[in-house]
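Only one structure is covered here, and it is reproduced in the block below.
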Amino acid sequence: MAGEAGGLFGKPTPRIDGAAKVTGAARYASDEPVANPAFAYLVTSAIARGRVGAFGLDRAKAVPGVLDILTNANVGGQAKPPPGGDGGPTTTTLETDRIWHDGQIIAVVVADTYEAAREAANKLEVQYMQEPASATFDSPGVDIQPYKPRGPEPGKGDAAAAFAASPVTVEGRYQTPAQHHNPIELFTTTCVWDGPNLTIYEPSQFMWGLKASVAEQLGLDPANVRTVSRHVGGGFGSKGGTTSRTAWIAIAARRLGRPVKLVPTRGQGFTIATYRAETRQRVKLGATRDGKLTSFSHEGWEVTSRPSGYNVAGVETTARMYACPNIGTAVHVVHADRNTPGFMRAPAEMPYMFALESAMDELAHALGMDPVELRRINDTQTDPVSGLPFSSRSLMQCLDQAAARFGWNGRNARPGSMRDGEWLVGYGCAAACYPTNIAPAAARLSVTPDGKATIGLAAHEIGTGASTTVAITVAHSLGLRIEDVTVHLGDSNLPPVTVAGGSNNAATTTHVAVQACEEVRRRVAEAAVKDADSPFHGADPATLKLLAGTLTGPGNSSEPLDKAVSRTGGRLEVHTEYVPAGLPASAMARLYKGQVAFVRGEGRKDVTAYSFGAHFVEVRVHGRTREVRVPRVVSAFAAGTIVNPLTAHSQYMGGVIWGLSSALHEATEIDATSVRYTNGNLADYMVAVSADVPSVEVIMVPEHDDRVNPLGVKGIGEIGIVGMGAAVANAVFHATGKRLRELPIRLENLLS
Ligand code: MOS
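The sequence shown runs 259 to 1010 under the working numbering.
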């Protein structure tokens, strides 16, 4: 691969878009200047199940400035629902009069101003034909179905028989709540038609997926659809799939012959987009007296909507966590009258590792063993399900380094034994993991004789520092300064990159960028060796390197980049397509159709590829009020090559903070009678604030992995949140002796 000069890989590098973001110059989708837009306001269902009988439109139409009102009656046949699939919500649609959930879009009002559209929406009268609705687990009328595993259901041996024969056992039922992402940037859509061409400005984690999906819904040629979202103000999975609202705004703009802009409210975001569904789980662990696992069973129940089978099935991960000869797993999908859930940071691992890592702590306590030592005894370099080696696994390095930094050996193992004045003190730990994904991608790279490079690829800047990672890779590979590299992303007119999900972005975009740089090196080298005036004349082009802005060859021959590039015609542009090992070449054609094709961490034939980590948490539980505080967290992660330690550190820390917020605060509550969210806004949906997070220390454990992919990049966006719930719950148990198996942890559950 391309040269090592520049040395930017692995050096802390400030975001190249940092100044633009803090000065307000960064353009988010709804900031794009659009001439003379009309404004849309969504009307959403006030019932959870039934049908729309009739609309009374007169009072709404009488509001000055109202231009159009879309309902199933006038446009219902004009768009198909978004194609299904893992994250594709199928419930929020105007297609029929059917109401699948509270807050479903049932009409779109368009007016000259936002205020007029909102006023008219509030004056729209809706007659409902209401049916009894089911809210969640235990509600009458839910429909429980087995899930469809992606591959063979993870399992081996006879977990039930081994459990019955195990000298030490623990068994627990765990529960995690519904949660909503609440990205600061709302779920906006602006649609502009120019003849047959449709431009969509919408924050998305998958530009080419959105383009293909909307084209299919509206029966357009995808070549006529462009999606633009140069910056995304947080996604966390909520902007990874397509919902039907985009197509309805496009239809509204087409009917009016005028651009239409939609900025939904914060509250509407709770029902027109996806969320993390609540789970219930049961874990059974059997072990020998010296702590070796003999049996592991993990069963999950997950809520979804009526029409969608969406589930996350985190048993695929938990079954691979520890060495165990007998493993049994099952997942059940509970259909209720709810909007369809979807991806949310570590969708599978966050809830399921809460259960496993809590159960491991319970087992350590039952054995009278240190929880770190229990994990050491059951650590493995081989995937217990597939028998394949892990490409790398530094779980124990993470546990040991974080434990040392935290001061774990100062812990008195007896629950309730540590106090500081009025406060009960507890130390808890848990492991983290996340599968490593990589996907095909394409990119266009140009280099000019003045030593400047521009790379374009439809990757996604969702706040992670994605553009900086690409700039580092190009600067590093071509030997340029980072300020000489321009990165364009967030536009489907650029070559396709897969969804910014599954923590694949860094691995995927660095590999395509390196390949593009290698293509540049090859092209300038081939031109140079043919030039009789060049110092490389007649040399093997493979021996020429592009380092520090200089082409170098055998015998100390060298030439500045500008000269080498000018030989290729003055401006060199390459288009490159990267398909990771393990995928067929047809994966690239699928990407151009907006379809996702990952090489998944546990789907490979040669290795299983995961990142690992560990959290150590100190909690303080007030002796009288049971208020829970978390004064400090120390977490360690090993995720292969770290491209930019500065932004990597922020990603890890953000994940840990969200994990802490999840453990103590976050839950979307559902009223069982009305089947509506009762705290569907950012005022009532609790999240951690700075005062809740006094100290988070992140240790980045060096890890070299030459099997996961050529650059050894594993991805870090999601692992930080995984296991934090268990670490906090385990610390609360240590402080109080009370085991809480339900998130979030609330003081009322600690009072009795
Ligand atoms: Mo992430 S939840 O895979 O966008």
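The C-beta atom is built at its ideal place from N, Cα and C for all residues, glycine as well.
- Query: Helix or strand or just coil, what does DSSP make of T640?
  - Reply: strand
- Quick one: Cα of D678 to Cα of A894, how far? 27 angstroms
- Message: Run through the DSSP bridge pairs and tell me what Y386 is partnered with.
- Response: V310
- Query: What residues match up with N447 in a beta bridge as DSSP calls it?
  - Reply: It should be pointed out that residue 447 corresponds to Thr in this sequence rather than to Asn. According to DSSP, which records beta bridges pairwise, T447 is partnered with L520.
- Tell me which same chain residues have a C-beta within less than 7 angstroms of the C-beta of R540, skipping the five on either side of it? R431 and E557
- Query: What is the chain-ordered set of residues for which the beta carbon lies under 7 angstroms from any non-hydrogen atom of ligand 1?
  - Reply: Q463, G493, F494, G495, G498, F601, M602, R603, A604, P605, A758, G759, G760, S761, G975 and E976
- Message: Which of the three DSSP states is assigned to S893 in this structure?
- Response: strand
- Task: Report yes if the C-beta distance between E574 and E860 is below 8 angstroms; otherwise report no.
- Result: yes
- Query: Helix, strand or coil for K279 per DSSP?
  - Reply: helix
- What residues are listed by DSSP as bridge partners for Q433? R538 and E1000
- Task: Locate the beta strand (DSSP E) running through P818, then write down its first and last residues.
- Result: S816 to P818
- Give me whichever residues DSSP pairs with L456 in a beta bridge. W451 and V483
- Query: What does F874 pair with, by DSSP beta-bridge criteria?
  - Reply: C687 and V892
- Message: At a threshold of 7 angstroms, does A418 count as lining ligand 3 (C-beta to nearest heavy atom)?
- Response: Among the ligands in the structure shown, ligand 3 does not appear; only ligand 1 can be found there.
- Query: Does the segment 449-457 come close enough to the segment 510-517 that 3 or more CB-CB pairs lie under 8 angstroms?
  - Reply: yes
- Task: Mind reading off the beta-carbon distance from A296 to A369? Whole number of angstroms is fine, and I expect it under 8 angstroms.
- Result: 7 angstroms
- Does DSSP put D289 in a helix, in a strand, or in coil? helix
- Item | Whether R596 touches H359 by CB criterion (8 angstroms) | yes
- For H286, which residues from the same chain have a beta carbon less than 6 angstroms from its beta carbon, with the 5 sequence-adjacent residues on both sides left out? Per the sequence shown, the amino acid found at residue 286 is Tyr instead of His. Result list for Y286: E443, H489 and G491, in chain order.
- Message: With a threshold of 8 angstroms, are at least 3 pairs of Cβ atoms found where one atom belongs to the segment 832-845 and the other to the segment 757-776?
- Response: yes
- Item | Bridge partners - T712, DSSP secondary structure assignment | S704 and T744
- Could you give the distance in angstroms between the alpha-carbon of Y533 and the alpha-carbon of T500? 14 angstroms
- Query: By how many angstroms is the C-alpha of G898 removed from the C-alpha of H962?
  - Reply: 5 angstroms
- Query: Thinking C-alpha only, which one of E353, A320, L325 and R317 is nearest A331?
  - Reply: E353
- Query: If you run the structure through DSSP and keep just helix, strand and coil, what is E924?
  - Reply: coil
- Message: Less than 8 angstroms between C-beta atoms, sequence neighbours within five positions excluded: which residues of the same chain meet that for N670?
- Response: M676
- Message: In whole angstroms, give me the CA-to-CA distance for G345 and I928.
- Response: The predicted model places G345 with a pLDDT of 44, which falls under 50 and marks its position as unreliable; any figure quoted below should be read in that light. Cα to Cα, G345 sits roughly 22 angstroms from I928.
- Item | Exposure of S792, with buried meaning 16 or more beta-carbon neighbours within 10 Å | buried
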